[in-house]
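Mapping to this note's numbering: the sequence shown position 14 is 0, numbers consecutive. Backbone N, C-alpha and C fix where the C-beta goes; we use that ideal spot for every residue, glycine too. Since the structure comes first, as structure tokens, the remarks are kept for the end.
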Amino acid sequence: MSKRKDDELDPETEALLQWCAEVEALFVAAGAKPDEAQQQIEENAEWFTDMFFDGLSPEEAAKAALN
């Protein structure tokens, strides 16, 4: 069995972070400044995490957040 390095993330966490990056990019495409988009995700991390685990696409999550 190989040991994971402390700085490696599990695949689920990596997928969540990639998903959030896609949502953030959609916010920027909709006119938000990059720092505002990142702040929105950070301030609502639990809500976005729930949407990720509920199976929403980044597009669906961005639409829900922008409404």
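Check K19 in the structure and name its three-state DSSP category. DSSP, read as helix, strand or coil, puts K19 in coil.
For L3, three-class secondary structure by DSSP: Three-state DSSP puts L3 in a helix.
Could you pull out every residue in the same chain whose Cβ sits closer than 7 Å to the Cβ of E10, ignoring the five residues on either side in sequence? Beyond the five residues adjoining it in sequence on each side, E10 comes within less than 7 Å, by CB distance, of A23, Q24, I27 in the same chain, given in chain order.
Can you give the beta carbon distance from F34 to A47, rounded, assuming they're within the 8 Å contact cut? Right, their Cβ atoms sit about 6 Å apart.
Taking the alpha helix (DSSP H) that D(-4) falls in, what are its first and last residues? Looking at the DSSP string, D(-4) is not in any alpha helix (DSSP H), and its letter there is neither H nor E.
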